[in-house]
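So the protein sequences, as listed, match chains Z and G.
Just so we're aligned: 641 in my numbering is position 408 of the first sequence, and the numbers increase by one with no gaps anywhere.
Just so we're aligned: 92 in my numbering is position 91 of the second sequence, and the numbers increase by one with no gaps anywhere.
Even for Gly, the Cβ is constructed at its ideal location relative to N, Cα and C.
Just so you know, these numbers come straight off a predicted model, no measurement behind them.
Below is one structure, written out as structure tokens; the observations come after it.
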Amino acid sequence: MVACLPIHLIRRRMVPLTLLLLVTGTLYLCYVRFDQMPMSAQGFLSKAPFDASSSKSETSSGDNPSTPNDAATEQITQTPMSYGTYGRPPLKNLIPLRTLSTDHLPTPSTSSPHLIIIGDVHGQLSELKALLTKAGYSKTRGDHVIFTGDLVAKGPDSSGVVALAMEIGASAVRGNHEDRVLLAYENMNTLHVGTSDEQEEPVAAGDQDDMAEPAFSHGDYKARSVAQTLTSAQRSWLSQLPVILKLGRIPSYGDMVVVHAGLVPNIPLENQDPWAVMNMRTLVYPAEQVRREQIKKQLEEAAKKSGGKQKKIPDSEVDAAMEASRQRGEGTGDHDVALPIDGRDGQFWSEAWNEAQKELDARDRINVVYGHDAKTGLNLGKYTYGLDSSCVKGGQLTALVFEPGRAGKVTHRVVSVSCEAAKDLEKGKDDDSHEK
Amino acid sequence: MRLLQSILALTLAASSATAVPSESIKRREISARGQRVDTKYFHEPGGDNELGHYDIRYFKQKVPYEEHRPALQHLIRSYLTTFRSLGVETWLAHGTLLGWWWNGRIMPWDYDLDVQVSAQTLYYLGNNLNRTTHEYNYFDPISGKPMKKEYLLDINPHHSEITRGDGQNVIDARWIDLSNGMFIDITGLAERDSHSPGVWSCKNFHKYRTTELYPMRETEFEGVPATIPYSFDYILTDEYGHKSLVTTQWAGHRWEPELKEWIKIPKDDEKKEEDKEQKA
Numbered sequence: 234m235v236a237c238l239p240i241h242l243i244r245r246r247m248v249p250l251t252l253l254l255l256v257t258g259t260l261y262l263c264y265v266r267f268d269q270m271p272m273s274a275q276g277f278l279s280k281a282p283f284d285a286s287s288s289k290s291e292t293s294s295g296d297n298p299s300t301p302n303d304a305a306t307e308q309i310t311q312t313p314m315s316y317g318t319y320g321r322p323p324l325k326n327l328i329p330l331r332t333l334s335t336d337h338l339p340t341p342s343t344s345s346p347h348l349i350i351i352g353d354v355h356g357q358l359s360e361l362k363a364l365l366t367k368a369g370y371s372k373t374r375g376d377h378v379i380f381t382g383d384l385v386a387k388g389p390d391s392s393g394v395v396a397l398a399m400e401i402g403a404s405a406v407r408g409n410h411e412d413r414v415l416l417a418y419e420n421m422n423t424l425h426v427g428t429s430d431e432q433e434e435p436v437a438a439g440d441q442d443d444m445a446e447p448a449f450s451h452g453d454y455k456a457r458s459v460a461q462t463l464t465s466a467q468r469s470w471l472s473q474l475p476v477i478l479k480l481g482r483i484p485s486y487g488d489m490v491v492v493h494a495g496l497v498p499n500i501p502l503e504n505q506d507p508w509a510v511m512n513m514r515t516l517v518y519p520a521e522q523v524r525r526e527q528i529k530k531q532l533e534e535a536a537k538k539s540g541g542k543q544k545k546i547p548d549s550e551v552d553a554a555m556e557a558s559r560q561r562g563e564g565t566g567d568h569d570v571a572l573p574i575d576g577r578d579g580q581f582w583s584e585a586w587n588e589a590q591k592e593l594d595a596r597d598r599i600n601v602v603y604g605h606d607a608k609t610g611l612n613l614g615k616y617t618y619g620l621d622s623s624c625v626k627g628g629q630l631t632a633l634v635f636e637p638g639r640a641g642k643v644t645h646r647v648v649s650v651s652c653e654a655a656k657d658l659e660k661g662k663d664d665d666s667h668e669k
Numbered sequence: 002m003r004l005l006q007s008i009l010a011l012t013l014a015a016s017s018a019t020a021v022p023s024e025s026i027k028r029r030e031i032s033a034r035g036q037r038v039d040t041k042y043f044h045e046p047g048g049d050n051e052l053g054h055y056d057i058r059y060f061k062q063k064v065p066y067e068e069h070r071p072a073l074q075h076l077i078r079s080y081l082t083t084f085r086s087l088g089v090e091t092w093l094a095h096g097t098l099l100g101w102w103w104n105g106r107i108m109p110w111d112y113d114l115d116v117q118v119s120a121q122t123l124y125y126l127g128n129n130l131n132r133t134t135h136e137y138n139y140f141d142p143i144s145g146k147p148m149k150k151e152y153l154l155d156i157n158p159h160h161s162e163i164t165r166g167d168g169q170n171v172i173d174a175r176w177i178d179l180s181n182g183m184f185i186d187i188t189g190l191a192e193r194d195s196h197s198p199g200v201w202s203c204k205n206f207h208k209y210r211t212t213e214l215y216p217m218r219e220t221e222f223e224g225v226p227a228t229i230p231y232s233f234d235y236i237l238t239d240e241y242g243h244k245s246l247v248t249t250q251w252a253g254h255r256w257e258p259e260l261k262e263w264i265k266i267p268k269d270d271e272k273k274e275e276d277k278e279q280k281a
């Protein structure tokens with residue numbers, strides 16, 4: 234091609250042509266390089282048994298099909314993935330799901346009982362009493378109270394809070410702290426040979442870091458001591474709490490569900506993982522992670538090829554390549570499979586939940602009321618109501634009240650009271666947190 | 002191009018092979034004459050990955066693929082029920098815990114089973130139950146006949162050594178099927194590093210926070226009561242990555258969501274997959 238052009242044209246077009254040649258050449262070399270990189274070599278890069286780069290690629294139906302002409306798409310192997318399809322045996326003494334009696338739901342009628350949903354109380358009894366008063370709780374009207382879990386632990390009076398909840402006939406879900414306290418109590422009463430559980434003593438005051446406990450405490454002396462302050466009736470009330478409480482349809486809101494931490498969008502309630510429902514904060518997208526790893530590997534190989542030795546690729550470059558990959562229309566199915574984690578490294582589950590609801594028919598949308606995320610605090614979305622406003626650390630205790638409003642509709646309001654921080658709190662420490 | 006590829010593959014293989022045991026080579030015991038002393042307690046017939054899963058003392062021949070899973074099922078059922086009846090605390094770990102996560106069963110491509118105990122429990126086992134044999138009775142699933150199997154609990158005499166040492170004794174104890182040499186690895190977990198109390202680890206450098214392990218949860222595995230660590234999701238993703246809980250195709254098997262089972266991909270399909278791979 235170049236040879237056929239007249240000399241004067243070549244001179245004039247020398248610069249752009251050289252550039253073009255260079256670019257195509259590099260692209261071609263990159264293509265050849267990645268395409269022919271042996272699978273075995275990719276396998277060595279990671280020893281994880283589920284390393285997707287060494288697993289066989291399969292384009293499952295529904296995922297974006299790769300275009301044969303586009304060299305770049307061919308290089309990205311797609312790993313078949315799904316979440317929420319497991320069939321594992323149940324966890325003993327844990328109720329995954331229950332439906333609330335419809336009697337408790339508010340109606341547009343002026344005489345309707347109010348539904349009061351309260352965030353993480355953590356043993357702050359006086360604040361709870363103040364909040365019930367401020368929210369206008371009326372037993373005679375038949376008002377019903379639901380707690381989003383974590384009634385116990387950390388604060389001064391776990392037993393008092395449970396006693397009050399029982400007294401007013403409240404409902405609640407199992408939070409990570411109920412879970413830990415109940416399990417710790419069960420573990421305490423299971424005798425194992427060769428262990429010194431019986432002689433366990435808490436460490437001296439002032440040395441209560443959970444990373445600095447006596448060797449055989451199993452790290453749950455706090456949970457055990459909370460369990461011991463409860464009566465057996467209180468423990469058994471707590472053990473009956475479901476992980477997910479379905480409320481049914483609230484007029485002008487639609488379906489509503491209460492959980493402690495969160496839910497994964499587009500997964501039926503029956504298939505939600507109880508550990509995740511009690512602990513999640515964010516969602517990660519493994520397919521996207523796999524794509525990112527692959528793109529990074531490609532960039533590293535390209536750098537190695539041109540530079541001769543291994544080079545570290547800055548994140549910004551990987552980000553740009555990811556963006557370019559998206560521009561090419563790749564990875565549209567990357568967010569189809571989400572995995573819940575308790576850390577904050579992913580997308581907030583509530584954000585993903587709200588996005589997912591918009592895609593659904595109005596009738597299929599589900600509102601979620603939850604607690605757990607004290608760090609974010611009160612967090613109201615279109616379909617999500619985050620009520621943990623960090624009472625136990627001196628924030629507020631919050632209630633969400635559904636009641637008949639004007640114009641014959643059910644409406645909601647948010648009520649809060651200020652809290653006195655519980656003493657002897659470990660700063661920033663939570664047994665169930667993997668935040669960085 | 003082929004040559005380049007092989008060089009790349011070899012370099013990677015060599016670097017990953019030398020990276021891990023550098024410490025162990027350095028610390029391997031050398032005798033007065035300069036010869037290596039065999040410090041390994043448990044021995045396997047070796048040769049390939051599969052043979053590594055038999056105890057040499059009781060090994061007769063390889064258990065064929067079809068009998069493999071039932072043999073592992075007897076192993077784990079006998080182990081879990083025996084330990085439970087003896088009042089010994091033990092829980093599922095590693096690939097065995099991952100099998101529980103998916104469907105409460107051994108993953109069909111797994112050749113070994115992993116369980117853990119606390120170092121304290123291991124000490125107790127060493128003093129009280131070492132080299133004891135245990136009878137396990139079950140009904141043959143096909144004939145319905147009552148069957149009997151014998152298992153040996155064998156504690157590595159090096160189990161109280163806190164460090165990984167020369168890397169030869171990372172497995173602390175074994176539950177061995179006396180009829181064929183197949184076994185379960187029992188690893189002791191202790192707070193090994195005095196600088197980070199509350200962090201438990203086994204000799205193979207897997208680290209756990211106390212609060213991730215305890216309080217333990219009760220569930221079932223392969224149809225018998227079993228114990229799992231508190232933060233099972235976190236422990237699994239920490240060890241195997243987020244992919245491990247969502248990837249539905251692995252080691253020639255595919256997850257069937259309706260059946261809740263890992264099904265071996267038929268040979269034809271597998272070949273197609275391989276062809277696809279080679280073309281790519």
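For residue i: DSSP bridge partner residues
i, result
"Val-625 of chain Z", "In the DSSP output, where bridge partners are listed per residue, Val-625 of chain Z has none listed."
"Lys-149 of chain G", "G:Asn-138"
"Asp-178 of chain G", "G:Tyr-152"
"Lys-304 of chain G", "The displayed coordinates of chain G run from 2 to 281. Any statement about residue 304 of chain G would go beyond what the structure contains."
Partners in chain G for residue i, counting only beta-carbon separations shorter than 9 Å
i, result
"Lys-325 of chain Z", "Arg-218, Glu-219, Thr-220, Glu-221, Pro-226"
"Trp-582 of chain Z", "Here the premise fails: no neighbours, minimum Cβ distance about 14 Å."
"Asp-594 of chain Z", "Going along chain G, no residue has its Cβ under 9 Å from Asp-594 of chain Z, so there is no contact; the nearest lies around 24 Å."
"Met-555 of chain Z", "The premise fails here: Met-555 of chain Z is roughly 17 Å from chain G at the closest Cβ pair, so nothing lies under 9 Å."
"Arg-407 of chain Z", "What Arg-407 of chain Z touches in chain G: nothing, since even the nearest Cβ is about 13 Å away."
Among the options, the one whose alpha carbon lies nearest that of residue i
i, options, result
"Gly-495 of chain Z", "Z:Met-511, Z:Gly-487, Z:Leu-502, Z:Leu-480", "Z:Met-511"
"Leu-214 of chain G", "Z:Asn-420, Z:Asn-326, Z:Leu-338, Z:Leu-327", "Z:Asn-420"
"Gly-189 of chain G", "G:Trp-103, G:Thr-82, G:Val-225, G:Val-116", "G:Val-116"
"Val-601 of chain Z", "Z:Leu-620, Z:Ser-344, Z:Cys-624, Z:Asp-548", "Z:Leu-620"
"Trp-470 of chain Z", "Z:Val-490, Z:Ala-398, Z:Gly-427", "Z:Ala-398"
"His-95 of chain G", "G:Ile-266, G:Arg-255, G:Ile-187", "G:Ile-187"
"Asp-239 of chain G", "G:Gln-74, G:Arg-78, G:Arg-85, G:Leu-99", "G:Leu-99"
"Tyr-112 of chain G", "G:Arg-85, G:Ala-72, G:Gly-145", "G:Ala-72"
"Trp-101 of chain G", "G:Phe-233, G:Glu-67, G:Leu-179, G:His-254", "G:Phe-233"
"Thr-312 of chain Z", "Z:Gly-352, Z:Asp-567, Z:Pro-507", "Z:Asp-567"
"His-355 of chain Z", "Z:Gly-638, Z:Trp-508, Z:Tyr-454, Z:Gly-604", "Z:Gly-604"
"Ala-571 of chain Z", "Z:Asp-453, Z:Glu-563, Z:Gln-580", "Z:Gln-580"
Chain Z contact residues for residue i, given Cβ-Cβ distances below 9 Å
i, result
"Leu-73 of chain G", "Those do not exist, as Leu-73 of chain G stays about 17 Å from chain Z at its closest Cβ, beyond 9 Å."
"Lys-261 of chain G", "Thr-318, Tyr-319, Gly-320, Arg-321"
For residue i, three-class secondary structure by DSSP
i, result
"Lys-367 of chain Z", "helix"
"Glu-431 of chain Z", "With a pLDDT of only 40 at Glu-431 of chain Z, under 50, the local geometry of the prediction cannot be trusted, and the value read off the model is given with reservation. Note: Glu-431 of chain Z maps to helix in three-state DSSP."
"Ser-649 of chain Z", "strand"
"Asn-104 of chain G", "helix"
"Leu-99 of chain G", "helix"
"Ala-536 of chain Z", "helix"
"Lys-455 of chain Z", "helix"
"Asn-422 of chain Z", "coil"
"Phe-222 of chain G", "strand"
"Ser-86 of chain G", "helix"
"Ile-57 of chain G", "coil"
"Tyr-603 of chain Z", "strand"
"Ala-227 of chain G", "strand"
"Ala-553 of chain Z", "helix"
"Ser-119 of chain G", "strand"
"Thr-644 of chain Z", "strand"
"Arg-561 of chain Z", "coil"
"Tyr-80 of chain G", "helix"
Contacts of residue i in chain Z (Cβ-Cβ under 7 Å)
i, result
"Gly-105 of chain G", "Arg-321, Pro-322"
"Leu-153 of chain G", "Residues of chain Z passing the Cβ test: none, with the nearest at roughly 19 Å."
"Pro-258 of chain G", "Ser-315, Thr-318"
Per-residue contacts from residue i into chain G (C-beta, under 8 Å)
i, result
"Val-523 of chain Z", "Lys-244"
"Val-648 of chain Z", "Going along chain G, no residue has its Cβ under 8 Å from Val-648 of chain Z, so there is no contact; the nearest lies around 34 Å."
Q: Ignoring anything shorter than 3 residues or poking outside the segment 233-258 of chain G, list the beta strand (DSSP E) runs there in chain order.
A: DSSP runs (the beta strand (DSSP E)) wholly in the segment 233-258 of chain G: 254-257.
Q: Go through the segment 364-403 of chain Z residue by residue and report every complete run of the beta strand (DSSP E) that reaches 3 residues or more, in order.
A: As far as the segment 364-403 of chain Z is concerned, its whole beta strand (DSSP E) runs of at least 3 residues are 377-380.
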